[in-house]
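Q: Take a look at this one; I'll ask things after.
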Amino acid sequence: SIEVEVAPTQRLDPGAPTPVLTAGGYIIPHRKVSLAPKITGRVEWVGVEKGDAVKQGQVLLRIERREFLAATDRAVASLAGANARLRELEAGSRPEEIERAKAAVEEARSNVANAVLELDRFERLHAEGAVARQALDAAGNRHEVGLAQLAGAQQSYQLARLGPRREQLDAARAAVREAEAVLRATQADLDNTQIHAPISGIILERLVEPGEIVTTSFIGGRGAKSAVLSMADLQILDVEVDVSQNEIGKVRLSQPATIVADAFPDRTYRGIVSEMAPEANRQKATLQVKIRVAKPDGGDWV
Numbered sequence: 022s023i024e025v026e027v028a029p030t031q032r033l034d035p036g037a038p039t040p041v042l043t044a045g046g047y048i049i050p051h052r053k054v055s056l057a058p059k060i061t062g063r064v065e066w067v068g069v070e071k072g073d074a075v076k077q078g079q080v081l082l083r084i085e086r087r088e089f090l091a092a093t094d095r096a097v098a099s100l101a102g103a104n105a106r107l108r109e110l111e112a113g114s115r116p117e118e119i120e121r122a123k124a125a126v127e128e129a130r131s132n133v134a135n136a137v138l139e140l141d142r143f144e145r146l147h148a149e150g151a152v153a154r155q156a157l158d159a160a161g162n163r164h165e166v167g168l169a170q171l172a173g174a175q176q177s178y179q180l181a182r183l184g185p186r187r188e189q190l191d192a193a194r195a196a197v198r199e200a201e202a203v204l205r206a207t208q209a210d211l212d213n214t215q216i217h218a219p220i221s222g223i224i225l226e227r228l229v230e231p232g233e234i235v236t237t238s239f240i241g242g243r244g245a246k247s248a249v250l251s252m253a254d255l256q257i258l259d260v261e262v263d264v265s266q267n268e269i270g271k272v273r274l275s276q277p278a279t280i281v282a283d284a285f286p287d288r289t290y291r292g293i294v295s296e297m298a299p300e301a302n303r304q305k306a307t308l309q310v311k312i313r314v315a316k317p318d319g320g321d322w323v
């Protein structure tokens, strides 16, 4: 900040404006931005120094991205699998699958027929005393197993003909949407490994170096850092001044002002009262007033 003197003026006659109040203050950028990461990671590269001029959208800092690339690759693979499963269900059963299920039904029906003949034969033999009861029971069990296999084959054949249920299709579509959401999230994290300049301006502070850990939440001391850079737009400058309560009646919005910086006493700049605080500072008995510099020369304020 540069200390200045501000003299709000009002035109009392057709001649030159006469100062009605002189107050001291500091020049500040109207727009100051602190840049923080949206992800946690290790800083890989910082491309700016304090005082550098940058353009909006310029890459200022990069965070290591190997883990985020791997997560994105996994998400892409998961989405491909979910889409393949959905296409399979939407296509329904292929003709050869239906034929195979039909053949299984015929085979099971043939097995049941053979089991019936075998059971009848063992019942006659058992009645004649030619075979033991145990052999007859075994034939009965084979007949029951054949019937169960036939019922299962018939059910599979019907399902193959009907295709997937609506619930299966709904679940598959939901799985695709979930995989798409995961992919968007991983791509966003990957994009966030680069921090871009949100505005054109000047770098005020460089707060991290390559190798340091940055995080989305503040950790004090020597832990991870949540702020990495700060910058400001020096094309729009304000002057903050404290005006005594006794003299606040001399100031109004849009009132013209003359600004003189202590560092450049031979230069004057025009300004206009742009903001007046809604509440006074009771301890200082002052009210903060902001003066917008009409035509700032960025080089003079750095």
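In the working numbering, the protein residues as written are 22 to 323.
Even for Gly, the Cβ is constructed at its ideal location relative to N, Cα and C.
A quick note: this is a predicted structure, and the numbers were derived from the prediction, not measured.
Taking the straight line between their C-alpha atoms, what separation do you get for residue 302 and residue 311?
A: Answer to the nearest angstrom: the Cα atoms are 15 Å apart.
Q: Can you tell me whether residue 129 is buried or exposed, with buried defined as 16 or more other CB within 10 angstroms of its CB?
A: Its Cβ being crowded by 16 or more others within 10 Å, residue 129 is buried.
Q: If we count the other Cβ atoms within 10 Å of its Cβ and call it buried at 16 or more, is residue 212 buried or exposed?
A: Exposed.
Q: Buried or exposed: residue 289, going by 16 or more other Cβ atoms within 10 Å of its Cβ?
A: That one is exposed.
Q: List the DSSP bridge partners of residue 217.
A: Paired residue(s): 80.
Q: Look at the Cβ atom of residue 78, then the Cβ atom of residue 217, and state whether they are nearer than 7 Å.
A: In this structure, residue 217 lies closer than 7 Å to residue 78 by Cβ.
Q: Is it buried or exposed, residue 260, if we count other Cβ atoms within 10 angstroms and call 16 or more buried?
A: With 16 or more other Cβ atoms within 10 Å, it is buried.
Q: Assess contact between the segment 86-96 and the segment 194-214, defined as three or more Cβ pairs (one per stretch) separated by less than 8 Å. Is contact present?
A: At 8 Å Cβ cutoff, the stretches touch.
Q: Starting from the Cα of residue 295, find the closest Cα among 193, 110, 309 and 100 and give me that residue.
A: Here the closest residue by C-alpha is 309.
Q: In chain order, what residues of the same chain lie with their CB nearer than 7 Å to the CB of residue 86, ignoring the 5 residues before and after it?
A: So the qualifying residues of the chain are 211 and 214.
Q: Quick one: Cα of residue 121 to Cα of residue 89, how far?
A: The straight-line gap from Cα to Cα measures roughly 45 Å.
Q: With the cut-off set at 7 Å, would you say residue 110 and residue 169 are in Cβ contact?
A: No; because the gap between Cβ atoms is not below 7 Å, this pair is not in contact.
Q: For the candidate residues 127, 165 and 124, whose alpha-carbon lies nearest to that of residue 139?
A: That would be 165, whose Cα lies nearest to the Cα of residue 139.
Q: Determine the DSSP secondary structure at residue 292, reduced to helix, strand or coil.
A: In this structure, residue 292 counts as strand in the three-state DSSP scheme.
Q: Give the straight-line distance between the Cα atoms of residue 83 and residue 70, rounded to the nearest whole angstrom.
A: When rounded, the distance between both Cα atoms is 14 Å.
Q: Starting from residue 190 and walking both ways along the alpha helix (DSSP H), at which residues does that stretch end?
A: First-last of the alpha helix (DSSP H) with residue 190: 187-212.
Q: Measuring CA to CA, which of 236, 254, 204 and 200 is closest to residue 107?
A: Checking every option, the nearest Cα to that of residue 107 belongs to 200.
Q: Got a sec, what are the start and stop residues for the alpha helix (DSSP H) residue 281 sits in?
A: It is not in any alpha helix (DSSP H) - residue 281 instead sits in the beta strand (DSSP E) that spans 277-282.
Q: Measuring CB to CB, does residue 225 end up less than 7 Å from residue 251?
A: Yes. Within cutoff.
Q: For residue 327, which residues in the same chain have their Cβ closer than 8 Å to its Cβ, ignoring the five residues on either side in sequence?
A: The chain is shown only over 22 to 323; residue 327 falls outside these bounds and no answer can be derived.
Q: Would you kindly check if the distance between the Cβ of residue 44 and the Cβ of residue 281 is under 7 Å?
A: Contact: no.
Q: Tell me which same chain residues have a C-beta within less than 6 Å of the C-beta of residue 178, skipping the five on either side of it?
A: Excluding positions up to five away in sequence, the list reads 122, 123 and 126.
Q: For a test of the three-state rule: what should DSSP assign to residue 107, helix, strand or coil?
A: It is helical.
Q: Classify residue 306: buried if its beta carbon has 16 or more other beta carbons within 10 angstroms, exposed otherwise.
A: With fewer than 16 other Cβ atoms within 10 Å, it is exposed.
Q: Which stretch, first to last residue, makes up the beta strand (DSSP E) that contains residue 53?
A: Run containing residue 53: 44-56, per the beta strand (DSSP E) assignment.
Q: What are the residues that DSSP puts in a beta bridge with residue 313?
A: 259 and 293.
Q: Please report the distance separating the alpha-carbon of residue 235 from that of residue 272.
A: The alpha-carbon atoms of residue 235 and residue 272 are separated by roughly 45 Å.
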